[in-house]
Structures are given as structure tokens and as C-alpha cells.
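What follows is a short report on a single structure.
In my numbering, the protein residues as written are 11 to 721.
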């Protein structure tokens, strides 16, 4: 028996219905999920009426339950109101003779025999949803399990876990009747699972002098609430909410209160915010010199890191350990430092970091640590793992290549737990993904199968930036990390997921929607596809400027022209498929579909069409023909600006505007072709836009693949 098969066995029953109620349904994508527990006809024996007209069940949350369970109850009450019009009251003790939904954690009171509390006790985040006469029991092995039972019920009653991003409103039911249910969910495959909200460039406020969201501004609390609610509804239990923006303790307090472990990225040592050493005056606040140098300011660094521990030690935290720079860069070592010297420093530093956390936490509170081997760290560790001397309770986190392919995975687990750091969004070099989703379901499913096979399942942090444009991949990863055995028990997990996704979100147009997604993933399979045509436009404007100003110019590259010509045909076919699907969708489905599928294709198609028209202009025999074709080329780019505006419906105002990431003539700026061509036309061909050297450039790729161009 393979190691993977052995691993599958103990978890194969996770997420099943007790046989007395129905056939076990382990595959999370075998059938529609949303609304699947609602009785749409006459109530049957054992069903529970949750709401009918202006009355219904109450939600019971005992006084001993944690804050995260209370918050789950608040969301559940709101969900039932959205579905039925009736909002259940939340009480601490049940009212005699009244239907109730009871949220209870094992150990906090007497539970019915059907729960099998003995089997739940001691499990990690396992839960049960069980109906009894006029009662629904939502019981968890721990408080997070109890909360996840409530979020599961909400989805099965009809609430989309991604509703904040899809805009979906659940089907109305009055009365709202829950089918007789005995649902048993075992522990998740991955112990810690969370989103990393990296490279915040859309949401920070106020705006800077250029009109861009201020890089070091504040993201409104309302958006963190959206991030955290989405994570919880997807049964995530961890979040890394910041990179460059101003941090407010209320944010990490909110995450912890709602049941999310607070953690951070690879250079945010002990969540002390090294980026804010000078930027946010943290060195002065903590009474240390602003020199991030272990060799010349050892006591200062220790005091600075201790500030992160002091601020957050009362929260649920997974503490990052290690040594990098104050931004996403390798630590600057003194000249001549050997690998052995570096390993010795890491061993000393991590030992001191873990010790200071242990000393700060209350007795009996076991600390959690992760050491993420990002960029240069991976090869340094690989050369001599033993030299690092990592403590046993440090989770070793392996990175992908910033493009969804694992750079490394453990060949021997040793005495440590292992996890992964994964990217759906990324900023840097040729692998930037900042406007739409690029990492295909097939890539995600394949890479996570490798991760599961080697047992790197203690920790999973996925970079989703500001989330909206990556929700499909986020749902796929959430499902895999919760129940990998069920996902990989049947062939073609990616194909099964896309089929389920299109049925769940776009029925009755699931078939054409599936075809549209397939064409999308085939066309936008590498990040550079989103700026290939834009760079062709830039290249052509340079040649057209030379021609109109009487300077020598070279013909446009024939190979690039051939690629653009072949590509426009494929894009036209793909967009015809999206239009076929959209024709039968509801308005809410159309809005989401237009962003999740059509917009990425439109970015490519509009810019490709403009490039081809400019190529024709360059070959025009006379000035009149040249300018007619140049003006024609502006039209698809103007249409693209309208596409962006339509996609910025509330609450996503200014979502695709220029930012410090999508600025000026950067390749990440999807407006670049429009801005350059408009300026060229306005100058009557006498000038073209040029960026000053280094202006507005994104940081270079860290740990990325070599630059590629795959048209």
C-alpha cells in the first residue's frame, strides 16, 4: 500500500451523512451544496421548521461558549433572516416548547446520544449537524468545530460562502424547512489553513498625491470583516492580514475573536512588523536604534521583536521566526559570511525568538511557530538542514515558485511538522498576478496532491491579495485542505471541481460556462498573457512615433505578429462562448461571470485587437491610412476602460483603477495601452510617453522562475 493510500484511510469518512439518514457523500463536488438541505415540498417526518412567516426557531449559545461561536451564531441568524425574512433571537438557554438551533462544544454541557460526544472529544475541529424533534444540534469537538458546523448549515440552507464577492442572494424560503439531518465531519486534512492578504494596493485609504491608495494607509475595518467572514465560511482558521499598510490592533483582535489564528509572512518576525521599523516609527516607539542588523544591533533587534510578542501575546498567534530584511529581501550579511555562519546565526536567532514567546505566554498555553523558507532561505536550508537546529515545535513551511508550482517539499519529515506557502496572487517580475486569476485548477489540484502525499499538511497559507479576483482558486484550496482524501479518491479532481463550480454558480448555463472556463484557463495560462499584447502596443507606438517624426524604424516583429493573429482567433472563440453562457444567466450570475471569466479574456482581446490595428497602421502606404487605423486601434481600448468601469460596481469602487502596483507604464497596469495610445494621438504623433528610469517599477521577483515569454 502506498504512503498516500495509507494516509487516505483514516480520513475517508470525513464529511459524511450518518447511514440512517442517507448515503455517505464524501466527494465535496459530487452534487450541488448550496441549499441542498432545504425541503422545498411538504415537510417530512424528522424535518425541522426553522422559520415560518414572522416566527421560528431561536439560536441557543451557552454562556460557556467562546466568542467565535457567538459570532458564528450572529452570522447564522442573519443568514436565516436573508433566506426567510425571519431573524432568530440568540439566547443563552432554550425556551421550553420552542424550536431551537443549539451551538454547543463538547465539554460545555450535556449532549444527545446521537452526537456521539465520546467520538468527537479530542479531535481537531470536527463537528456534527444533527436534527431531533424541533431541535438542530451544531456540535464541535472544539469551539472552531462548533462554528464550522454553523457555517456548514448556512451554506446548506442556501448562503454562498463567497457571497461578499459573487453578490449571490440565496433563494427565498418561507417556510424554511431543514431536512432531517445527521451530518458527521471529521478533522481537516490541514491543521492550519489561511489567507494572506498581500500587496494591498486597492483598499488602503487615504489617497496619495498621485491619486493612488496610500501604500502605507489604512484598510477600512469593513474590508477586514469581509476577508475574515469569507475565510470562516470556507472553514479556514488562520489569516495573515497585512504587509505594508498601517496596522491597527483592532484588526488582529477581531481575527482572534472570530476564531482565526493571527499570523504573518516570512519576514514579519514574531509579528513585530519590521516593515514599520522606520516607516511607522516603531523603532522609536520601542526604544531601539532603527538598524536591522543582528551583528551591530543585537539587543535592539531582540527588543524590537519582543514588541511584537508584547502586543499580541493574548491572541491566538502562529509566530513567524527566522531572519530576513525589513521588506521582502534577503537579510544583508557581512561580507565573507559562510553558509555555516549563517546557519549558526539562524539557530541562535530562532532559539531566542521561540524562548521569548514561551516566556511571555501564560502557563499551559503551547506556542505555535512557523519558519517559512521563502526565496533564498530554501536553498540555504536545503544545503544543511541539521545546521539550523530548529526546535521541534517549529513548523517548517515550504514555498511554491510564486506561480503555483512547489519549489520544494520535504523528502523526510523528521521530527517536525511541515506546511506550505502558496500563491494565487503575486507581485514581482514576470510572474505578477494582480488583475485576474491565472493559476489554473489543474495546477492547484496537482500541486496539492504532491503536498498531501509527502505529509506537509500542518500549515497552509495562500496569497490571495485583496481576494476578489482569486475566489475560484480560494474555494478549491479550501475544499482540498479540509478533505484531501475525498478530493483525491476519484480521478480528475480539477475537472470535477470546475464542473461542480459551474453548476453551483451558473446553472442552468453550466455547460457553456464550463466551456468558457476551460477556454479561459487554456488562454490565460501564464501571467505574461495579460501584458503580451500591451507590450506589443507599446512597441508599435515607438515605431509609429519614429515614422510620424521622420526617423528610421524597423518593421514590427513577424513572429510576434503571427502570435497576435493566432491569439485573436482563439480569444474571439472564447468570448463567443462566454456570451453564449451569459445570455441565459440571471443578472447576479452575469455580474460575477463578467468578472471571473469575461474580464480577463477582454483585457487580452481588446489589447490584442488594438495591437493588430496598430500593426496595420505601421504598414499603411500613406499618412491618411496610418491615422485612420491608429484611431481605430483606440476604440477597443476605450471599450476596455468601459469594461473595467462596469466591473467596479459597489462595493468594488475603483477596484481596477491605477495604483502603486498598476501605475504608469508598468506592465501590471491594464490601462497602459490605452494611456499610451491616447497620449500619442493627442500629440498628433509628435511624442510618446516614456517612464523615467525605475519609475513605478514593481519589486523584482523573489525566488521566482527565470523570465519566460510564452505567447
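From the three backbone atoms N, C-alpha and C, an ideal C-beta is built for every residue, glycine too. Note that the structure is a prediction, hence the values are computed from the model and not measured.
Would you please state the rounded distance, in angstroms, between the beta carbons of residue i and residue j? I believe it to be under 8 Å.
i, j, result
"residue 671", "residue 640", "Incorrect: roughly 29 Å between the Cβ atoms, too far for contact."
"residue 148", "residue 163", "6 Å"
"residue 499", "residue 512", "Wrong, their Cβ atoms sit about 22 Å apart, outside the cutoff."
"residue 614", "residue 539", "6 Å"
"residue 683", "residue 647", "6 Å"
"residue 611", "residue 480", "The Cβ separation is near 17 Å, so there is no contact."
"residue 338", "residue 669", "Actually they are not in contact, since the Cβ atoms of residue 338 and residue 669 sit about 18 Å apart, beyond 8 Å."
"residue 273", "residue 380", "7 Å"
"residue 206", "residue 469", "About 12 Å separates the two Cβ atoms, so there is no contact after all."
"residue 47", "residue 167", "6 Å"
In angstroms with no decimal places, state the Cα-to-Cα distance between residue i and residue j.
i, j, result
"residue 651", "residue 193", "48 Å"
"residue 571", "residue 349", "48 Å"
"residue 33", "residue 185", "In this prediction, residue 33 has a pLDDT of 30, which is less than 50 and means its spatial position is unreliable; what the coordinates show is noted afterwards. Using only the alpha carbons, I get a separation of about 26 Å."
"residue 63", "residue 105", "19 Å"
"residue 528", "residue 484", "18 Å"
"residue 155", "residue 86", "15 Å"
"residue 447", "residue 561", "41 Å"
"residue 157", "residue 429", "24 Å"
"residue 342", "residue 406", "22 Å"
"residue 283", "residue 595", "46 Å"
"residue 588", "residue 501", "27 Å"
"residue 22", "residue 140", "Because residue 22 carries a pLDDT of 37, less than 50, the predicted location of this residue cannot be relied on, and no value is offered for it."
"residue 569", "residue 550", "14 Å"
"residue 516", "residue 96", "28 Å"
"residue 508", "residue 121", "39 Å"
"residue 592", "residue 375", "53 Å"
"residue 649", "residue 660", "20 Å"
"residue 494", "residue 426", "21 Å"
"residue 556", "residue 577", "27 Å"
"residue 182", "residue 191", "21 Å"
"residue 286", "residue 382", "20 Å"
"residue 31", "residue 119", "Because the pLDDT of residue 31 is 36, which lies under 50, any placement of that residue in the model is unreliable, and the question is left without a value."
"residue 187", "residue 112", "16 Å"
"residue 235", "residue 687", "40 Å"
"residue 15", "residue 304", "Any reading at residue 15 needs caution, since the residue's pLDDT is 38, under 50, leaving its predicted position unreliable; the model's value is listed next. If I take the Cα positions, the gap works out to 46 Å."
"residue 541", "residue 347", "40 Å"
"residue 410", "residue 418", "7 Å"
"residue 290", "residue 226", "9 Å"
"residue 563", "residue 579", "28 Å"
Quick one: residues in its chain with C-beta nearer than 7 Å to the C-beta of residue i, no 5 flanking neighbours on either side, listed in chain order?
i, result
"residue 296", "313, 314 and 317"
"residue 362", "312"
"residue 574", "543, 546, 618, 621 and 622"
"residue 609", "446, 653 and 657"
"residue 127", "116 and 121"
"residue 535", "450"
Excluding the 5 residues preceding and the 5 following residue i in the sequence, name in chain order all residues of the same chain whose CB lies nearer than 6 Å to its CB.
i, result
"residue 667", "none"
"residue 150", "115, 137, 156 and 159"
"residue 680", "445 and 613"
"residue 489", "38"
"residue 465", "423"
"residue 301", "307"
"residue 218", "224"
"residue 109", "67 and 144"
"residue 643", "620, 623 and 624"
Ignore the nearest five residues each way along the sequence and tell me which others in residue i's own chain have a CB closer than 8 Å to its CB.
i, result
"residue 299", "293, 307 and 310"
"residue 117", "131"
"residue 394", "349, 350 and 353"
"residue 582", "615"
"residue 102", "70, 71, 72 and 73"
Fully enclosed by the segment 481-514, which beta strand (DSSP E) runs are 3 residues long or longer?
-> none
Would you check if there are 3 or more beta carbon pairs closer than 8 Å linking the segment 428-435 to the segment 474-488?
-> yes
Whole beta strand (DSSP E) runs in the segment 357-415 with 3 or more residues, listed along the chain?
-> 378-382 and 404-409
Three or more C-beta pairs below 8 Å linking the segment 273-286 and the segment 240-247 = no
Kindly provide the ranges of any alpha helix (DSSP H) runs that are 4 or more residues long and lie completely inside the segment 553-607, ordered along the chain.
-> 568-592 and 597-603
Contiguous beta strand (DSSP E) assignments of at least 3 residues, all confined to the segment 90-132 = 110-115
Stretch-stretch touch, CB-based, cutoff 8 Å, three pairs: the segment 250-260 with the segment 47-63 | no
Stretch-stretch touch, CB-based, cutoff 8 Å, three pairs: the segment 168-188 with the segment 625-644 | no
Using 8 Å as the threshold, is the segment 68-87 in touch with the segment 37-44, meaning 3 or more CB pairs across them?
-> no
Pair every Cβ in the segment 382-398 with every Cβ in the segment 322-338, then say whether three or more of these pairs are closer than 8 Å.
-> yes
What runs of the alpha helix (DSSP H), each 4 residues or longer, lie entirely inside the segment 638-694?
-> 682-692
Runs of alpha helix (DSSP H) lying entirely within the segment 222-259, each at least 4 residues, in chain order = 231-243
Segments of 4+ residues assigned as alpha helix (DSSP H) that fall wholly inside the segment 137-202 = 153-167 and 173-176
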